Amino acid sequence: MASQAPGQVETREEAALIARIATRDRAAFAALFGIVAPKVKGYLMRLGATGAAAEELTQDVMLTVWRKAEQFDPAKAGALTWIFVIARNRRIDALRRESSMTTYGLEAPEDMPDDSVDAPDAGLDGAEREARVRAAMQELSAEQQEVVRRSFFEEEPHAAIAAALALPLGTVKSRLRLAMAKLKAKLGDLK
Amino acid sequence: MTPAPVHHPSTETLAAYAAGTLRAGFDFVIAAHVRGCAQCRGEVARLEGVGGALLAEADAAAMSEEALMQALARIETAAPPAAPARTIEQIIAAAKKRWVAPGVWTARIDTPHAKDDRVYLLGVAPGVQTAKHTHSGAEFTVVLQGALNDGGVVYRAGDFCERDPDDTHHPKVEGAETCVCLFATQGRLVPSGVIGRIAFALADV
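Chains as they are written, first to last, in the working numbering: chain A, 33 to 223; chain B, 20 to 224.
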């Protein structure tokens with residue numbers, strides 16, 4: 033395994049914990065909680081939630097992890113990617129519950145076609161793919177990393193990034209497009 | 020089988036979708052496209068991987084001391100999850116058609132979008148003249164049925180089109196089939212002529 037950047041967590045270990053949680057292993061749940069709950073809370077606060085709201089939502093995310101653990105497929109997604117998707121969706125649901133209108137699921141319905149076998153990186157498991165994404169991120173320029181990070185951590189990201197960095201909207205979009213193209217080029221050759 | 024879509028959302032729009040930071044309603048239009056587009060499903064999965072990488076390196080915020088105890092209590096006692104949310108197809112099918120002119124109907128889509136935004140279906144029969152217009156904000160469109168010709172570019176079922184506030188355009192129905200599109204628009208459309216103003220007021224778009 034490649035060495036990790038400081039502050040990063042090892043996703044293969046988490047994948048193993050999630051597999052144990054699927055067998056209703058409470059110790060594994062406690063261990064995963066200790067590793068990822070503070071990350072999830074930090075992510076939610078970065079997106080503007082207050083400490084109390086982020087904590088409550090994180091509890092919600094961890095409960096969802098407990099309930100859905102058996103649906104986690106380490107061949108398809110890395111543990112952190114899977115948890116990210118849950119956190120993203122729980123956050124959207126929480127924001128929209130307040131609007132008292134119908135919410136809709138952004139998670140893939142069960143009848144969606146399974147593309148994973150055709151993916152260029154189908155030979156890798158989720159943890160390997162996740163490691164490759166991180167490595168590719170590290171190779172982006174500081175400016176590119178900044179727009180990618182902000183595009184995930186700001187509400188209505190493009191306008192907000194433009195305002196925060198005092199850049200024209202077009203520049204933000206093209207910088208983001210370049211960063212994404214670079215990421216794609218780095219990840220596209222996975223076999 | 021329907022041919023694969025040709026016109027896709029930009030990478031930066033898909034990134035905002037994968038991040039969960041698009042405006043409500045706009046993400047619904049993207050979801051309607053992604054559902055039928057293998058290429059974009061792959062792209063979204065990759066972008067979710069970027070989200071996972073960012074979560075992994077996110078600054079931790081300490082949970083309260085009793086958080087783990089609460090979590091362990093919750094997994095024992097929490098009520099089962101609520102009924103699953105409605106699917107995109109169910110929401111679209113539930114929209115009520117309202118005829119606004121001969122050959123033209125609209126149907127509001129029930130998404131939790133902002134009050135000043137509009138999320139709706141528009142059905143236009145072949146040969147019906149539509150109004151040239153600009154937008155006060157961004158507009159996302161997915162063609163659900165038939166085809167649309169916008170400035171010489173043809174958009175068919177599954178295709179996606181994004182317009183910026185400054186674009187003026189005059190889309191026309193292409194072919195012999197009624198064209199049904201799903202729209203999300205930020206703010207109101209701005210028609211360029213009198214007929215358009217009347218039509219848009221009637222249609223409430």
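Using N, Cα and C, we set each Cβ at its ideal position, and we do this for glycine too. Remember, it's a predicted structure, so these values are computed and weren't measured experimentally.
**Q.** Environment of serine 183 (chain A) [buried if 16+ CB atoms lie within 10 Å]
**A.** buried
Q: Following the continuous beta strand (DSSP E) through aspartate 169 (chain B), name the residue where it begins and the one where it ends.
A: 166-169
Q) Exposed or buried, which one is arginine 56 (chain A) when buried takes at least 16 other CB atoms within 10 Å? A) exposed
Q: Let me know the alpha helix (DSSP H) ranges lying completely inside the region 63-127 of chain A, each 4 residues or longer, listed in chain order.
A: You should have 83-100.
Q) Which residue's Cα is closest to the Cα of alanine 63 (chain A): A:Pro70, A:Arg128, A:Ala54 and A:Leu49? A) Among A:Pro70, A:Arg128, A:Ala54 and A:Leu49, the Cα nearest to that of alanine 63 (chain A) belongs to A:Leu49.
Q) Going by C-alpha distance, which of B:Ala64, B:Gln58, B:Leu66 and B:Gly70 is nearest leucine 76 (chain A)? A) B:Gly70
Q: Give the C-beta separation of isoleucine 128 (chain B) and alanine 144 (chain B) to the nearest angstrom, bearing in mind that I take them to be a contact with Cβ-Cβ under 8 Å.
A: About 20 Å; that fails the 8 Å criterion.
**Q.** Contact under 8 Å by Cβ, glycine 177 (chain B) with cysteine 56 (chain B)
**A.** yes
(Q) Can you give me the C-alpha to C-alpha distance between proline 70 (chain A) and alanine 84 (chain A), rounded to a whole angstrom? (A) 13 Å
Q | 8 Å contact criterion, which alanine 72 (chain B) and methionine 169 (chain A) should meet: CB distance rounded | A | Contact flag correct, Cβ pair sits at about 6 Å.
Q. Going along the chain, which residues of its own chain have a beta-carbon closer than 6 Å to the beta-carbon of valine 161 (chain B), five neighbours each way excluded?
A. Val48, Ala51, His52, Phe179 and Leu201
Q: Per DSSP, which residues does valine 162 (chain B) bridge with? Please list them.
A: Beta-bridge pairing links valine 162 (chain B) to B:Cys200.
Q: Go ahead and pull the three-state DSSP assignment for glutamate 187 (chain A).
A: coil
Q: Compare the C-alpha of leucine 91 (chain B) against each of A:His190, A:Asp92 and A:Leu208 and name the closest.
A: Looking at the Cα atoms, A:Asp92 is the closest of the given residues.
Q | Assumed close pair isoleucine 67 (chain A), valine 97 (chain A) - CB separation to whole angstroms, cut-off 8 Å | A | That belief does not hold up - the Cβ atoms of isoleucine 67 (chain A) and valine 97 (chain A) are roughly 11 Å apart, past 8 Å.
Q. With leucine 87 (chain B) and phenylalanine 65 (chain A) assumed to form a contact (beta carbons below 8 Å), what rounded beta-carbon distance in angstroms separates them?
A. That belief holds up - the Cβ atoms of leucine 87 (chain B) and phenylalanine 65 (chain A) are roughly 5 Å apart, short of 8 Å.
Q) What are the boundary residues of the alpha helix (DSSP H) that includes leucine 33 (chain B)? A) 30-38
Q) For histidine 27 (chain B), which of helix, strand or coil comes out of DSSP? A) coil
**Q.** Nearest-angstrom Cβ-Cβ length linking lysine 187 (chain B) and lysine 151 (chain B), presumed shorter than 8 Å
**A.** What sits at residue 187 (chain B) in the sequence shown is threonine, not lysine. Rounded, the Cβ-Cβ distance is 7 Å, consistent with contact.
Q) In chain A, which residues lie with their C-beta within 7 Å of the C-beta of glutamate 67 (chain B)? A) Thr113, Phe116 and Val117
Q.
So that I know if they touch, is there some Cβ in chain A lying closer than 8 Å to that of glutamine 205 (chain B)?
A. no
**Q.** DSSP three-state assignment for glutamate 197 (chain A), whether helix, strand or coil
**A.** Residue identity differs from the one stated: residue 197 (chain A) is leucine in this sequence, not glutamate. Note: leucine 197 (chain A) maps to helix in three-state DSSP.
Q | Cβ separation of arginine 65 (chain B) and leucine 219 (chain A), assumed to be a contact under 8 Å, to the nearest whole Å | A | By a beta-carbon distance limit of 8 Å, arginine 65 (chain B) contacts leucine 219 (chain A). Their separation comes to about 6 Å.
Q) For a contact meaning CB atoms closer than 8 Å, what does alanine 195 (chain B) contact in chain A? A) Counting only Cβ-Cβ distances below 8 Å, alanine 195 (chain B) has no contacts in chain A at all, with the closest Cβ about 30 Å away.
(Q) Is there a C-beta anywhere in chain B that falls below 8 Å from the one on serine 183 (chain A)? (A) yes
Q | Validate contact between the region 109-124 of chain A and the region 105-112 of chain B using beta carbons, cut 8 Å, 3 pairs | A | no
Q) Are leucine 89 (chain A) and arginine 122 (chain A) touching if we call contact CB-CB under 8 Å? A) yes
Q: State the CB to CB distance for the pair alanine 47 (chain A) and alanine 159 (chain A), rounded to an integer number of angstroms; the pair is presumed to be in contact (CB under 8 Å).
A: 6 Å
Q) In this structure, does DSSP put valine 192 (chain B) in helix, strand or coil? A) strand
Q: Measure the CB-CB distance between valine 6 (chain B) and leucine 167 (chain B) and report whether it falls below 8 Å.
A: Residue 6 (chain B) lies beyond the stretch modelled for chain B, which goes from 20 to 224, so this question has no answer here.
Q. Taking the Cβ atom as the reference point for each residue, do alanine 75 (chain B) and glycine 74 (chain A) lie within a distance shorter than 8 Å?
A. no
Q.
My output table needs one value for leucine 41 (chain B): the three-state DSSP class, helix, strand or coil.
A. In the structure shown, leucine 41 (chain B) sits in coil (DSSP, three-state: anything other than H, G, I, E or B).
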